[in-house]
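Residue numbers (my numbering), protein chains in the order written: chain A, 1 to 195; chain B, 1001 to 1195. Below is one structure, written out as structure tokens; the observations come after it.
Number of protein chains: 2
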Amino acid sequence: MTVMPGRRERKKAATRRKIADAALGLFLERGYDAVGIRDVAAEADVAVTTLFSHFASKEALVFEQDQDFERRLVGAATERGPHEPLIPALRREIHALVRHCTTEEAAPIWRMVDQTPSLREYEESMRMRHADALARAIAADLGLTQTTTVCRAVARFVVEAFSLAREAADPPTAVEEVFTMIEAAWEAARPCAQG
Amino acid sequence: MTVMPGRRERKKAATRRKIADAALGLFLERGYDAVGIRDVAAEADVAVTTLFSHFASKEALVFEQDQDFERRLVGAATERGPHEPLIPALRREIHALVRHCTTEEAAPIWRMVDQTPSLREYEESMRMRHADALARAIAADLGLTQTTTVCRAVARFVVEAFSLAREAADPPTAVEEVFTMIEAAWEAARPCAQG
DNA sequence: TGCAAAACACTAACCGTTAGTGTTAGGTTC
DNA sequence: GAACCTAACACTAACGGTTAGTGTTTTGCA
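In structure tokens, the structure reads:
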């Protein structure tokens, strides 16, 4: 069974992007709450059920581009240089991620997220999922087969660093401040990190 | 304008409790997702609109008893002994809160929360609100008029401690582990906590 | 007793989401 | 190329949480 790199996959991806683009356009133009799922489907010239076969929820339409957040975070932990310590590697990645979402093009989206309770909730939930994945990566990095409380805690602190920095007046400085705390927390906990 | 301690307030509180009790009973009996709002309203012998005038959402029905979480957390920070440091006071309160929700009577509710995505999301959102309130309390304790990144960070770490401990196999030990980290983080950040 | 406000009830709907049921198009096999 | 299978898509109808609109009762107070 090969990977089917054919026209079908391209068409599917095109439909998905068409929906996401239509959604983002309408959301930014009229506001998230003022746009209904049926509006988005109509704008993308697609049935409502088709929309929901590509996106699990209305909120997911907004975070379509941020699917790689978790991948990048986990990658920063697992694929770092052989002698680079964990926390600085994560700090570097968080810096990059925060920079990325304060870009000219991404900023309006995040402004919308911050103003929409339902989107905030969704993003908080995503962060917890990302933290879980990061915790597993950190545990594996320590040679553990399961996560410990310390792994889970440091992972959560790291994703909170992203969240706090994103909302701060001076994001890079905020990343530095929070990572100073995380570094200290990690050093204090390393003795019992192994379980 | 006095505080209207009359019959009206008592009746309102009684209706509220009647609804919450009916909801909790049905949720624990049949499962959260298997019970509809209309079922709850019927069981409480109340109109659906009345239910929603007492509770903002279906999820809020479950967390009715935990309205004092934030109050207790903020209280631990603001009303502690004159010479007791901040972090130990918070640690003591988190211990108490975790103990409280692992009680025989509260445990089934939290089991239901953990198994229901919509309730998990709601609780995460509550935690963020509680963290904001705690951050303001901590800032005020430091003589600041606004919260800083460090205040917000330590507040989030504290509410995460609750969350992590609640899910841990050995909650009290988990509280200790996470607070060891928080203590170190706080010490490292104290120099720049003032802004 | 009369009045204003609050609590409550009822209907009907809105909106996100899903089930059920086809229909079409793409890829696979012979 | 014909037969066939699957995935993508469309359509209708509904479910369940939530709210608007409207009216009725209850309560506190003058």
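For glycine and all other residues, C-beta sits at the position ideal for the given N, C-alpha and C. Given the structure is predicted, the values throughout are model-derived calculations rather than measurements.
Residue i: contacting residues in chain B (beta-carbon distance under 8 angstroms)
i	result
A:Ile182	Ala1185
A:Ala56	Simply none; closest approach about 11 angstroms.
A:Ala133	What A:Ala133 touches in chain B: nothing, since even the nearest Cβ is about 16 angstroms away.
Where residue i meets chain A, residues with beta-carbon distance less than 7 angstroms
i	result
B:Thr1149	Leu164, Ala168, Ala174, Glu177 and Val178
B:Met1126	Chain A residues near B:Met1126: none, gap ~10 angstroms exceeds 7 angstroms.
B:Arg1136	By Cβ distance, chain A contributes nothing, its closest Cβ being about 15 angstroms from B:Arg1136, past 7 angstroms.
B:Phe1157	Phe157
C-beta neighbour in chain B for residue i, strict 7 angstroms
i	result
A:Glu70	no
A:Glu104	no
A:Ala153	yes
A:Glu160	yes
A:Met1	Note that A:Met1 has pLDDT 45, beneath the 50 cutoff, so the model's placement of it is unreliable and no number is given.
Where residue i falls, given that 16 or more other Cβ within 10 Å makes a residue buried
i	result
B:Thr1103	exposed
A:Thr49	exposed
A:Lys199	Here chain A comprises residues numbered 1 to 195, so residue 199 of chain A is not present and cannot be evaluated.
B:Pro1172	exposed
B:Thr1149	buried
B:Ala1189	buried
A:Met1	Low confidence applies to A:Met1: its pLDDT is 45, below 50, so where it sits in the model is not reliable, and the reading given next is rough at best. Exposed, by the Cβ-count rule.
A:Arg8	exposed
A:Arg10	exposed
B:Thr1145	exposed
A:Ala137	buried
B:Ala1139	buried
Proximity test, Cβ basis, 7 angstroms: residue i and chain A
i	result
B:Ala1189	yes
B:Arg1008	no
Notebook entry, point to check: What residues in the stretch 107-122 of chain A bring their beta carbon closer than 9 angstroms to a beta carbon of chain B?
Noted result: Pro117, Arg120, Glu121 and Tyr122
Next item on the list: Mind checking the stretch 32-65 of chain A against chain B and listing, in chain order, the residues whose C-beta falls within less than 7 angstroms of any C-beta there?
Entry: none
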